[in-house]
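Undergrad:
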Amino acid sequence: MGSLVQLFAVAISAALLFVVIGLVRRRRLTEEYSFLWIVFALALLGLSLFRGVLDAVARWLGIFYPPAVLLLMLIFFVFIASLYFSVVISRQRQQIERLVEDHAILEREVAALRDASVTRGSAGSPPGPPSSANAAESGS
Amino acid sequence: MRARIVVPARNESASLPQLLAELAAVCPLADVLVVDDASTDETAALLRSAGVPHLRLRLPVGVGGAMRAGLRAARRDGYDAAVRLDGDGQHPPAAIAPLLAELRRGADAVQARRDPTGYRAGAGRRALAAFVRAWLAGPLGRRAADPTSGLWAFGPRALALLSEEHPRGYPEPALLLLLERRGLRVAEIPVAMRARSAGHSSLTLPRAALALWCVALSTATMPRRRPAALSHG
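Just so you know, the protein sequences line up as chains A and E, in that order. The first sequence maps to residues 1462 to 1601 in this note's numbering. The second sequence maps to residues 130 to 362 in this note's numbering.
#1: Let me confirm a value: L1515/A is counted as buried when at least 16 other C-beta atoms fall within 10 Å, else exposed. Which label applies?
#2: Can you find at least 3 beta carbon pairs, one from the region 204-221 of chain E and one from the region 131-150 of chain E, that sit closer than 8 Å?
#3: Nearest to E141/E by alpha carbon, out of S178/E, G218/E and R311/E?
#4: Straight-line CA distance for L1490/A to S1547/A?
#5: Rounded to whole angstroms, how far is the Cβ of L232/E from the Cβ of M130/E, which I believe are closer than 8 Å?
#6: So is Q240/E buried or exposed if we call it buried at 16+ other beta carbons inside 10 Å?
#7: Quick one: Cα of L1465/A to Cα of W1498/A, how far?
#8: With a threshold of 16 other CB atoms inside 10 Å of the CB of T246/E, please say whether the residue is buried or exposed.
#9: Report whether the distance from the Cβ of W264/E to the nearest heavy atom of the ligand NAP is below 7 Å.
#10: Looking at the structure shown, is I1482/A part of a helix, part of a strand, or coil, going by DSSP?
#11: By alpha-carbon positions, which one of A202/E, Q147/E, A143/E and F260/E ends up nearest to S168/E?
#12: Within the continuous beta strand (DSSP E) that includes L162/E, where are the two ends?
#13: Could you confirm whether any beta carbon from chain E is found closer than 8 Å to the beta carbon of V1549/A?
#14: Report back the beta-carbon spacing between A345/E and I1566/A to the nearest angstrom; my notes put them in contact at under 8 Å.
#15: Can you check DSSP and say which residues form a bridge with A241/E?
#16: For the putative contact between V164/E and L186/E, defined by C-beta atoms under 8 Å, what is the C-beta separation to the nearest angstrom?
#17: Find out if the Cβ-Cβ distance for the pair V273/E, L305/E is shorter than 8 Å.
#18: Within 10 Å of its beta-carbon, does L288/E have 16 or more other beta-carbons around it, so buried, or fewer, so exposed?
#19: Can at least three beta-carbon pairs, one atom from the region 1474-1481 of chain A and one from the region 1494-1512 of chain A, be found at a separation below 8 Å?
#20: Please list, in chain order, all residues of the same chain as G1585/A whose beta carbon is under 6 Å from its beta carbon, the five residues on each side excluded.
#21: Distance, Cα to Cα, I1557/A vs A338/E?
Okay, structure coming up:
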């Protein structure tokens, strides 16, 4: 393949790798989700540097223009990644819904407990701060 | 048997006052639990001033999530049965007594089918219901009378199951299938329903298409065995 295409592919894969590692370092991307990206950036970089591998894969698949293999891999990866993220989003949605439900249940029970402790009178110290009457009212 | 009347409501401030008045005539309001599914209208303020027990969900989770929350709260409060009565006023509170009577006769859950003498939905709505009924006959192994009806009563076993795991989206057909797949006995009784007293249904036409798709998928893929608990990872 042309050296310009190779240079371009190496630059893109190296940039991807640096961006991903940068995101992990700044804790913007957790290790769990960076794994997929780092593996793919490394694979892309390897294929761009060692064009012999790319040519062999292209011959094996019957692809006449070897850089098209890179494109094929990219499409394949994007497909896998988006499917994986759909799974993650679905799971998080279920977890959020469960939290919202439990929050509402506990909020009501806390309000009831506060009301009960307020009616018991000033004997004994109330569990909440003095301003708790407001919070209890808005919660129940 | 102590039964909690769980009323899922999203933006039903127009129909709730009348419904609560009717409910007060048939049962103590302390046994009612309105689940406010993150309403953006005056529902929350109305519930506070009415002094009726209620849950306030901070983000919308749909009627399935609202019911799961309501049923879980009911169990925590010591109830061993529950009736679902929608906040739009379609379900007559007079149906509560016959529903509970059916539970006492041994059913684990009771679904009210729309009596033909009551309110009839529009042609489009009826066509949707007919499709769901035909579709559900496959996985269910029989033709249910009215699987899209949302007026239900749940006994102790159904309460235990649904307070942890309740179908989502437009959950009624999947709910019926889930209960039967878990070996619970579901009974049906006829009830004359009413037109919603005010406000608008959340089921608009484009949403109905999506709902149909979700119902078809969720019932066709309902596991026969107990699925793994929701992962916390």
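All C-beta atoms, glycine included, are put in the ideal place defined by N, C-alpha and C.
TA: Let me spell this out:
#1: buried
#2: Contact annotation: the region 204-221 of chain E touches the region 131-150 of chain E, with at least three C-beta pairs closer than 8 Å.
#3: G218/E
#4: When rounded, the distance between both Cα atoms is 17 Å.
#5: 7 Å
#6: buried
#7: 25 Å
#8: exposed
#9: Ligands are entirely absent from the displayed structure, and the ligand NAP is therefore not among its contents.
#10: helix
#11: Comparing Cα-Cα distances from S168/E to each of A202/E, Q147/E, A143/E and F260/E, the minimum goes to A143/E.
#12: V161 to D166
#13: So no, V1549/A is outside the interface.
#14: About 32 Å separates the two Cβ atoms, so there is no contact after all.
#15: I318/E
#16: So it is a contact: roughly 7 Å between Cβ atoms.
#17: In the sequence as displayed, the identity of residue 273/E is Ala instead of Val. Cβ atoms of A273/E and L305/E: closer than 8 Å.
#18: With a 10 Å radius around the Cβ and a threshold of 16 neighbouring Cβ atoms, L288/E comes out buried.
#19: yes
#20: Confidence at G1585/A is low in this model, with a pLDDT of 49, below 50, so the placement of that residue should be treated as unreliable; the coordinate-derived value is given next. There are no such residues.
#21: 26 Å
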